[in-house]
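J.: The following block contains the structure, expressed as structure tokens.
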Amino acid sequence: GEPLLTIRDLHVDYFDQAEPVHAVRGVDLTLRRGETLGVVGESGCGKSTLITAVTRLERPPAVTTAGSVLFHGREGAEPVDLLRLTERELNKLRWEHIAVVFQSAMNALNPVLRISTQFADVLGRHRGLSRRDAERRAAELLAMVGIPEDRLRAWPHELSGGMRQRATIALALACEPDLVVMDEPTTAVDVVMQRQILRQIARLKRRLGFSVVFITHDLSLLIEIADRIAVMYAGQVVETGPARQLYTDPRHPYTAALRSAFPPVRGPRREIVGIPGSPPGLRTPPTGCGFHPRCPRAFEPCATTAPALLALGTAPSAGEVACHLHPGPTPAANARQDSAR
Ligand code: SF4
Ligand code: MG
Numbered sequence: 007g008e009p010l011l012t013i014r015d016l017h018v019d020y021f022d023q024a025e026p027v028h029a030v031r032g033v034d035l036t037l038r039r040g041e042t043l044g045v046v047g048e049s050g051c052g053k054s055t056l057i058t059a060v061t062r063l064e065r066p067p068a069v070t071t072a073g074s075v076l077f078h079g080r081e082g083a084e085p086v087d088l089l090r091l092t093e094r095e096l097n098k099l100r101w102e103h104i105a106v107v108f109q110s111a112m113n114a115l116n117p118v119l120r121i122s123t124q125f126a127d128v129l130g131r132h133r134g135l136s137r138r139d140a141e142r143r144a145a146e147l148l149a150m151v152g153i154p155e156d157r158l159r160a161w162p163h164e165l166s167g168g169m170r171q172r173a174t175i176a177l178a179l180a181c182e183p184d185l186v187v188m189d190e191p192t193t194a195v196d197v198v199m200q201r202q203i204l205r206q207i208a209r210l211k212r213r214l215g216f217s218v219v220f221i222t223h224d225l226s227l228l229i230e231i232a233d234r235i236a237v238m239y240a241g242q243v244v245e246t247g248p249a250r251q252l253y254t255d256p257r258h259p260y261t262a263a264l265r266s267a268f269p270p271v272r273g274p275r276r277e278i279v280g281i282p283g284s285p286p287g288l289r290t291p292p293t294g295c296g297f298h299p300r301c302p303r304a305f306e307p308c309a310t311t312a313p314a315l316l317a318l319g320t321a322p323s324a325g326e327v328a329c330h331l332h333p334g335p336t337p338a339a340n341a342r343q344d345s346a347r
């Protein structure tokens with residue numbers, strides 16, 4: 007499909023001490039229209055930093071030092087670089103085109119306003135709806151996420167955790183955005199509620215046709231919801247691919263390690279193997295491949311030469327991997343054909 011969001015060579019640094027922390031180090035990533043793109047990695051891998059930079063919600067000491075983020079918006083519209091927009095231009099895009107549901111979504115509702123007032127504010131400001139029309143629309147939106155209409159007059163603290171999160175998602179969808187960015191939106195609820203919320207997001211997406219960037223540390227959760235997955239490590243994308251393929255046939259040793267750490271929700275039980283060690287500090291990132299200090303398959307070039315992110319094939323759906331075990335599409339493809347013969 008057509009791209010909706012194109013991230014090019016994005017760099018984000020934290021300038022909280024003399025030596026900056028390079029939290030995002032040259033990320034290239036494309037979200038296609040109608041797609042759910044999962045971004046996965048341990049905490050400290052740069053995925054939240056990436057997404058706050060992309061949505062221009064980063065706060066000091068984080069600074070986006072280079073790159074572009076092209077948002078293509080409605081079909082046929084000229085793309086705009088989100089990094090070059092003024093605060094005023096951004097405010098027009100927010101809610102109407104781009105909505106965010108952040109980590110601990112449960113806190114995203116204003117605790118001193120009734121649910122109905124929060125919907126009326128957003129729909130009044132961005133859609134010009136009267137209070138009464140906004141409440142009618144809010145009731146519809148809440149019904150879509152399984153919240154009864156009588157909860158419209160409730161205060162946030164009167165809702166359960168799961169309900170607050172679903173209300174936050176409904177609010178994000180109020181203006182029918184093209185893109186919904188979700189950062190760990192289900193971490194604070196139990197597994198049953200998590201599954202229910204994921205199912206609802208998938209259903210809403212089919213109905214309303216928005217695209218999703220979904221961030222989590224849990225790879226197994228992404229095969230339930232994502233079309234494509236990007237794996238981040240030490241501030242870089244190390245592998246991308248169709249969700250199922252990336253999960254069943256991971257090429258990057260870090261992806262394989264994540265898979266062992268998060269076995270599938272369904273299917274046969276496997277032994278859970280944690281990933282030894284922890285992500286590197288990014289004030290002085292490791293030389294060569296960022297994963298080499300933890301990689302069970304590290305070999306000669308890994309500590310000195312950084313592997314480039316290379317396509318695994320020529321099809322548009324082909325994944326990409328940055329690892330010296332996969333030096334490029336041609337030799338790997340030949341090897342597979344040879345062994346099949
Ligand atoms: Fe491991 Fe080397 Fe591949 Fe990095 S490049 S993931 S260290 S094998
Ligand atoms: Mg995070």
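Following UniProt numbering from start to finish, the sequence shown increments by one per residue and tops out at 347.
Built from N, CA and C at the ideal position, the CB exists for glycine as well.
Since we're looking at a predicted model, the values are computed, not measured.
Verify whether the separation of the beta carbon atoms of residue 288 and residue 28 is less than 7 Å.
T.: yes
J.: Quick one: Cα of residue 249 to Cα of residue 234, how far?
T.: 5 Å
J.: Answer yes or no: the CB of residue 303 versus the heavy atoms of the ligand SF4, is any distance below 6 Å?
T.: yes
J.: Which residues does DSSP list as the beta-bridge partners of residue 242?
T.: 239
J.: For residue 13, tell me which candidate among 171, 60 and 260 has the shortest Cα-Cα distance.
T.: 60
J.: List the residues that DSSP assigns as beta-bridge partners of residue 188.
T.: 107 and 220
J.: Mind checking residue 346: buried by the 16 CB within 10 Å criterion, or exposed?
T.: Bear in mind that a pLDDT of 39 at residue 346, under 50, signals an unreliable position, so the model cannot answer this.
J.: Looking only at its chain, what residues have a beta carbon closer than 8 Å to the beta carbon of residue 185, apart from the 5 residues adjacent to it on each side?
T.: Hits under 8 Å: 10, 11, 37, 77, 103, 104, 105, 216, 217, 218 and 219.
J.: Does residue 341 pass the burial test, meaning 16 or more other C-beta atoms within 10 Å, or should it be called exposed?
T.: The pLDDT assigned to residue 341 is 45, lower than 50, so where the model puts this residue is not dependable; a value taken from the coordinates is nonetheless given after this. So residue 341 ends up on the exposed side.
J.: Could you check whether the Cβ of residue 331 sits closer than 6 Å to any heavy atom belonging to the ligand SF4?
T.: yes
J.: Taking only the alpha-carbon atoms, compute the straight-line gap between residue 349 and residue 261 and give it to the nearest angstrom.
T.: Residue 349 cannot be examined here, being either before or after the span of the chain that is shown, 7 to 347.
J.: What span of residues does the beta strand (DSSP E) with residue 73 cover, start to end?
T.: 68-77
J.: Hey, quick one: how far does the beta strand (DSSP E) through residue 132 stretch, first residue to last?
T.: Following the DSSP letters along the chain, one finds residue 132 in no beta strand (DSSP E) but inside the alpha helix (DSSP H) bounded by residues 121-133.
J.: Could you tell me whether any non-hydrogen atom of the ligand SF4 is closer than 6 Å to the CB of residue 282?
T.: no
J.: Name the DSSP bridge partner or partners of residue 36?
T.: 12
J.: Note the first and the last residue of the continuous beta strand (DSSP E) segment covering residue 42.
T.: 42-46
J.: Could you give the DSSP three-state label for residue 234: helix, strand or coil?
T.: strand
J.: Tell me whether the beta-carbon of residue 285 lies closer than 7 Å to the beta-carbon of residue 50.
T.: Yes. Within cutoff.
J.: Need the endpoints of the alpha helix (DSSP H) that residue 144 sits in, please.
T.: 137-150
J.: Can you say whether residue 117 is buried or exposed, counting buried as having 16 or more other CB atoms within 10 angstroms of its CB?
T.: Classification for residue 117: exposed.
J.: Using 8 Å as the Cβ pair cut-off and three pairs as the minimum, do the stretch 62-78 and the stretch 244-259 touch?
T.: no
J.: Quick check on this structure: which residue in 100, 169, 268 and 251 has the alpha carbon closest to the alpha carbon of residue 179?
T.: 100
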